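Worksheet: one structure, shown below.
Residue numbers (the numbering used here): 245 to 370.
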């Protein structure tokens, strides 16, 4: 289930002058924090990118360093799900809050959320 207002319009953010590294984070309950998922502006992943990162951190690559649809799905359906212990057998609902960026909208993600008792809540900008 996706929860959002009817006026919800996806936004795109770009900046051609700088190289950006995006960090996708997650928190389960009050004290359990998912290790970060990094998005680097590179063509291929090298181990040096994760030197000094928290144990369990992972990441992906995009030309811009911004999260795209595939990386968002990987970060949520793979990385976050692993650390939140989400699987089809679990009947405990999980609430995921995320912004309305257009890269985060996906039918694949919606289907996955239904199968894993995940409620996707879209937060609109103020």
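For every residue, glycine included, the Cβ atom is placed at its ideal position computed from N, Cα and C.
As the structure is a computational prediction, the values presented were derived from the model and not from experiment.
C-alpha gap between residue i and residue j, whole angstroms
i, j, result
"residue 350", "residue 313", "7 Å"
"residue 341", "residue 364", "6 Å"
"residue 293", "residue 328", "24 Å"
"residue 320", "residue 281", "9 Å"
"residue 336", "residue 359", "12 Å"
"residue 339", "residue 287", "33 Å"
"residue 366", "residue 267", "18 Å"
"residue 296", "residue 290", "13 Å"
Residues near residue i in its chain [Cβ-Cβ closer than 7 Å; skip 5 each side]
i, result
"residue 315", "283, 304, 306"
Where residue i falls: helix, strand or coil (DSSP)
i, result
"residue 307", "coil"
"residue 271", "strand"
"residue 343", "strand"
"residue 360", "coil"
N- and C-terminal bounds of the alpha helix (DSSP H) containing residue i
i, result
"residue 315", "313 to 317"
Cβ-based neighbour list, residue i, same chain, cut-off 6 Å, excluding 5 preceding and 5 following
i, result
"residue 279", "298, 300, 301"
Test: residue i CB closer than 7 Å to a CB of chain D
i, result
"residue 263", "Within the model displayed, chain D is absent; a lone protein chain is all it includes."
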